[in-house]
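This report refers to the structure that appears directly beneath it.
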Amino acid sequence: MLRSVIDDYLTSTKELQFFLPFMELLQLRGFYDVHLLHGATEYGKDVIAKFRGENAEIQYSFQVKAGDVNLSRFRSEVQPQLVEALTNKLSHPNFDRSLSYQVIFVCTGAIQSSASIAFQEFNQYVRDTLRATPVQTWEKPQLTADFLEIGIDPFFELHRSPEFAGRFFKLYSQISSDDLLSFYDIEAYTKNWLDLEWTNSINRLQVFFEAYFFSKLLYDKGRHYEASLILASLVRVLTKNRAFEGYCGTIQEYSDQIVLSHLEKAKATYDASKPYLLDFEGVFAIFYHPLSCLRSLELLSLFVLTSSKPNKDVGSFLLRILDEQKGSHRIISDNYAITIVLVSMALLKLNEIDRLKRFLNNACVWLCDRYGELGIAPIGTDLQGEIEQLLSEQLEGLSFQRHAGGFSACACLDMSYIVGDKSLFEGIANDLRAVEAIFEFYHILTDEALFIHDHEQITTSTDGEFSLEHRQDYSKMIAHESKANSVSIRDKSLLYLSFLLRDRYFPTFITEVIN
95 MLRSVIDDYL
105 TSTKELQFFL
115 PFMELLQLRG
125 FYDVHLLHGA
135 TEYGKDVIAK
145 FRGENAEIQY
155 SFQVKAGDVN
165 LSRFRSEVQP
175 QLVEALTNKL
185 SHPNFDRSLS
195 YQVIFVCTGA
205 IQSSASIAFQ
215 EFNQYVRDTL
225 RATPVQTWEK
235 PQLTADFLEI
245 GIDPFFELHR
255 SPEFAGRFFK
265 LYSQISSDDL
275 LSFYDIEAYT
285 KNWLDLEWTN
295 SINRLQVFFE
305 AYFFSKLLYD
315 KGRHYEASLI
325 LASLVRVLTK
335 NRAFEGYCGT
345 IQEYSDQIVL
355 SHLEKAKATY
365 DASKPYLLDF
375 EGVFAIFYHP
385 LSCLRSLELL
395 SLFVLTSSKP
405 NKDVGSFLLR
415 ILDEQKGSHR
425 IISDNYAITI
435 VLVSMALLKL
445 NEIDRLKRFL
455 NNACVWLCDR
465 YGELGIAPIG
475 TDLQGEIEQL
485 LSEQLEGLSF
495 QRHAGGFSAC
505 ACLDMSYIVG
515 DKSLFEGIAN
525 DLRAVEAIFE
535 FYHILTDEAL
545 FIHDHEQITT
555 STDGEFSLEH
565 RQDYSKMIAH
575 ESKANSVSIR
585 DKSLLYLSFL
595 LRDRYFPTFI
605 TEVIN
């Protein structure tokens, strides 16, 4: 079963979904000084590494291609890059030109017969004309065996627990069967990664493999939101182990790819189903219209806030959803308080201040209407509970109790303060006070408490007497955060943690993160 899973992963993986697991596999095979060079200045070398043989140290470079290679692809894409890898020794400070040198072509599929003959002829040219060592090849059968025998089988043997395999195949089955996955399903599964000893290469390979395997399955099904949650889970374990910086560029490139694919799908879906943005199918799809809007807004906002490659189409579609879709400000439960934060920060970064004010006002009106009735579902509620809480205002058969707590209300007021507009802040504060909203806030005050929901250092506070005046200590939570927060991590990994965990957004220093 594991062999077929790995085989499926290699068959359809993209290069960005392969690099990090492959690099860990190299280290388990005895390679060291491993570096990813993939990009505009790779000079034919996606990955470089060293290996100490019986008689000498060898410098290796790896050119990686996803999928099968036919003759046309070999001639136009592979061969020129292999020539560059063989002849251009520029690449990285750790590339040692004084060592014996070996280039390996890695193909996650198969080199087809016509390309195989051309490859033989190419290696003859390498030997006779370039006076270099012929290029070796690693194809899918070898990669499958290596992942299984060197990495994944030893992982399950190391931990000797059927729970590891049971959890893996349960999630695999859920995704394959198109079961809905919540933030909390994904967070609970990937929380197990935090308990693994990160210095062990077998554990690292397993984490990278699972992250890219499951995100790939979701990506291929067009489930970009859940794929991004898996990637955010990888950011979480890397950040906890102080390793995020070393992988940040590769992860960000993949994150960008996921969001851009979502953008393409969302635009096509919107154009086909106007006037509503719908990401769900079936008779009741309209009930999920706000959810479609909120999830799209989060992904687009994450791109704006984290990508090093600004994309005008992302920003313009974000603004289009806000301008045209009423669901864009309908916060269906406190699980989506984070939507308010991410959208607000993205609009702030885009300098769309008027739209930001309008978004916060609209969100406040929606929340006040809900607090005037039964409120919205609290954080941690599943999708069915979120929808039933809203429908219970209209349907007598659903007997949900009023929920007066307001994590979303708290986020709305915090973001209005960050805007710096006195009139906006005081208007929102007065509206929330009028419906007797009671703020809820979760204090994550230390680095140790950053990574899980139930850390013993996390405290919760409430406030129904927040200030109606625009002043620095407008709520008890903000006053406490300003004095007590000692979180030292101030980079974009915190945005991924907010996206994944849903209960934290660091209002006293979040502007440092986006700047």
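Everything in the sequence shown is counted per the working numbering, starting at 95 for the first residue and increasing by one. Even glycine gets a Cβ: it sits at the ideal position worked out from N, Cα and C.
task = Check whether the Cβ atoms of Q173 and Q157 lie closer than 8 Å to each other.
result = no
Item to complete: Could you tell me the distance, in whole angstroms, from the CA atom of S82 to the CA atom of D240?
Response: This structure cannot settle anything about residue 82, because the visible part of the chain is limited to 95 through 609.
Q. Is any heavy atom of the ligand ATP found at a distance shorter than 7 Å from the C-beta of K420?
A. You won't find the ligand ATP in this model; it holds no ligand whatsoever.
Legend entry - Neighbourhood of R261 by C-beta distance below 8 Å, restricted to the same chain and skipping five residues each side: Y283 and N286
Assigned secondary structure, D222 (DSSP; H/G/I helix, E/B strand, else coil) | helix
Just to confirm, is the Cβ distance from C462 to D515 under 8 Å? no
**Asked** Expressed to the nearest angstrom, what Euclidean distance is found between the alpha-carbon atoms of I246 and E304?
**Response** 10 Å
Short check: CB of Y536 to CB of T554, under 8 Å?
yes
Within 10 Å of its beta-carbon, does P601 have 16 or more other beta-carbons around it, so buried, or fewer, so exposed? Counting Cβ neighbours within 10 Å, P601 comes out buried, since at least 16 surround it.
Would you call the stretch 339–358 in contact with the stretch 103–122, where contact means no fewer than 3 C-beta pairs closer than 8 Å? yes
Margin query: Please identify the residue among A150, N149 and L130 whose C-alpha is closest to the C-alpha of A143.
Written below: L130
To the nearest angstrom, how far is the alpha carbon of V408 from that of L441? 12 Å
* Paired residues, beta bridge with C201 - DSSP -> K159
* **Bridge-paired residues (DSSP) for E151** => R146
- prompt: For E178 versus Y219, is the C-beta spacing smaller than 8 Å?
  reply: no
_Measuring CB atoms only, is the stretch 388–400 touching the stretch 351–358, in the sense that at least three cross pairs come out at less than 8 Å?_
yes
Comparing C-alpha positions only, which one of Y313, A531, L237 and S386 sits nearest to S270? Y313
**Q.** Of the listed residues E467, L385, R464 and S401, nearest to Y430 (C-alpha basis)
**A.** L385
**Request:** State the beta-bridge partners of H537 as determined by DSSP.
**Result:** T553
CA nearest to the CA of Q478, picked from L371, E563, P248 and S427:
S427
#### Entry: alpha helix (DSSP H) runs contained entirely in the stretch 358–402, provided each spans 4 or more residues
Here the runs fully enclosed are 383–400.
- Task: With a 10 Å radius around its C-beta and 16 neighbouring C-beta atoms as the bar for buried, classify N297 as buried or exposed.
- Result: buried
Report the three-state DSSP secondary structure of S427 (helix, strand or coil).
-> strand
Less than 8 Å between the beta carbons of T231 and F199, yes or no? yes
Requested in this report: List the whole-angstrom C-beta distance separating K234 from L104, where the pair is believed to meet the contact cut-off of C-beta under 8 Å.
Outcome: 5 Å
Beta-carbon within less than 6 Å of K451's beta-carbon, same chain only, minus the 5 sequence neighbours each way: which residues are those? L518
Checklist entry - What separation, rounded to the nearest whole angstrom, lies between the Cα atoms of I473 and R584? => result Per the coordinates, the alpha-carbon of I473 lies some 25 Å from the alpha-carbon of R584.
Same chain, Cβ closer than 6 Å to V435, five either side skipped, listed in chain order | A505 and Y599
Notebook entry, point to check: For the candidate residues V329, L332, T333 and F308, whose alpha-carbon lies nearest to that of A321?
Noted result: It is F308 whose Cα lies nearest to the Cα of A321.
### Task
Mind checking which residues open and close the beta strand (DSSP E) that includes T231?
Q230 to W232
- In the DSSP assignment, find the beta strand (DSSP E) that holds V128 and state where it starts and stops. Per DSSP, the unbroken beta strand (DSSP E) holding V128 starts and ends at Y126 to L130.
Inspect the beta-carbon positions of F213 and I205 and report whether they are closer than 8 Å.
yes
Confirm, please, whether the CB-CB distance from S502 to I470 is below 8 Å.
yes
From what residue to what residue does the alpha helix (DSSP H) around Y590 run?
S587 to L595
Provide the residue span of the alpha helix (DSSP H) that contains G421, from first to last.
Per DSSP, G421 belongs to no alpha helix (DSSP H) and is neither H nor E.
Within a Cβ cutoff of 8 Å, which residues of the same chain sit near D417, ignoring the five residues on either side of it in sequence?
R449
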